[in-house]
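Novice: For reference, the structure I am asking about is given below.
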Amino acid sequence: MTDSDSRVADRLAIMALNDDFARLLDHGDVPGFVALFTEDVRYSNGPRVLAGREEMTEFFTARGARGRVSRHLYSGLSIAFDGPDRATGYSVWLTFAGAGALPIAPAEPFLVADITDVYTRGPQGWRFAERHIDPVFRNAGIAGPEGDGR
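Set out below in C-alpha cells:
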C-alpha cells in the first residue's frame with residue numbers, strides 16, 4: 002500500500018468517525034458515542050467544556066434523560082494530517098433539536114456551527130482527541146441540551 006493509499010483509508014476512517022458521531026448521539030447510544038473519543042478528550046461547545054470520557058458520559062446521559070431529541074448533519078469536512086497518527090478536521094454542522102413526541106414540529110434548525118476536531122489514531126483506530134464547536138447561528142427559541150438555550 003502506498004502512502005497515498007493509506008491516507009485515503011485514513012480519510013475514510015475519519016469520515017466514518019464523524020458519521021458515527023451523528024448516528025450514535027442522535028439515537029441515544031451514549032456508551033457507543035463516548036467510545037468515539039480518547040480517554041482524555043477535550044470537548045467544548047461555546048462556554049461548555051467537558052474534559053475526559055467520564056464528564057462526557059455524565060453530560061450526555063443527563064441530556065438523554067431530559068428527553069432531548071436531535072439530528073446532526075455535516076458538510077465540508079476538510080482533513081489535514083499533522084503526522085502519521087494525528088489529524089485536524091474542519092467542518093460545518095447543522096443541528097435540529099427539541100423534546101417531545103415525534104415528529105417534533107416545527108422542524109427548525111437549532112444550530113449551525115463551525116467544528117474543529119483533532120483526531121488521533123490508537124489501538125482502536127481513529128478517535129476524537131478534541132472537538133471544538135463554535136456556534137455561528139443559533140435559534141434562541143429552542144432550548145439547549147441543559148434546557149437553557151445553550
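Residue 2 is where the sequence shown starts when you use my numbering, and the numbers rise one by one after that. Cβ coordinates follow ideal geometry from the N, Cα and C atoms, glycine included.
1) Could you give the distance in angstroms between the alpha-carbon of E109 and the alpha-carbon of R12?
2) Going by C-alpha distance, which of P32, G65, R24, L112 is nearest A141?
3) So, helix, strand or coil for L26, using DSSP?
4) Within a Cβ cutoff of 7 Å, which residues of the same chain sit near D21, ignoring the five residues on either side of it in sequence?
5) Relative to the alpha-carbon of R43, which residue among A130, R72, E55 has its alpha-carbon at the smallest distance?
6) Quick check on N19: does DSSP put it in helix, strand or coil?
7) Using CA atoms only, rank isn't needed, just tell me which of V31, S7, T39 is closest to P124.
8) At which residues does the beta strand (DSSP E) containing E40 begin and terminate?
9) Can you grab the Cα-Cα spacing for the pair Y120 / R69, in whole Å?
10) Taking the C-alpha atoms as reference points, what is the distance between R122 and P48?
Specialist: The relevant details are as follows:
1) Here the question's residue 109 lines up with position 108 in the sequence shown. Here the question's residue 12 lines up with position 11 in the sequence shown. Straight-line Cα distance between these residues: approximately 31 Å.
2) Residue 141 sits at position 140 when you count from the first residue of the sequence shown. Closest by alpha carbon: L112.
3) The residue you call residue 26 lines up with position 25 of the sequence shown. L26 falls in the helix class under three-state DSSP.
4) On the sequence shown, residue 21 is found 20 positions in, with the first residue counted as 1. Excluding sequence neighbours, D21 sits near L37.
5) In the sequence shown, residue 43 corresponds to position 42, counting from 1. Residue A130 is the option with its Cα nearest to R43.
6) In the sequence shown, the residue the question calls residue 19 occupies position 18. Assigned with DSSP and collapsed to three states, N19 falls in helix.
7) Indexing the sequence shown from 1 puts residue 124 at position 123. That would be T39, whose Cα lies nearest to the Cα of P124.
8) Here the question's residue 40 lines up with position 39 in the sequence shown. Looking at the DSSP string, the run of the beta strand (DSSP E) that includes E40 is 38 to 46.
9) Counting from 1 along the sequence shown, the entry for residue 120 is found at position 119. Counting from 1 along the sequence shown, the entry for residue 69 is found at position 68. Their Cα atoms are separated by approximately 27 Å.
10) If you number the sequence shown from 1, residue 122 lands on position 121. If you number the sequence shown from 1, residue 48 lands on position 47. Inter-residue distance for R122 and P48 is about 28 Å (C-alpha atoms, whole angstroms).
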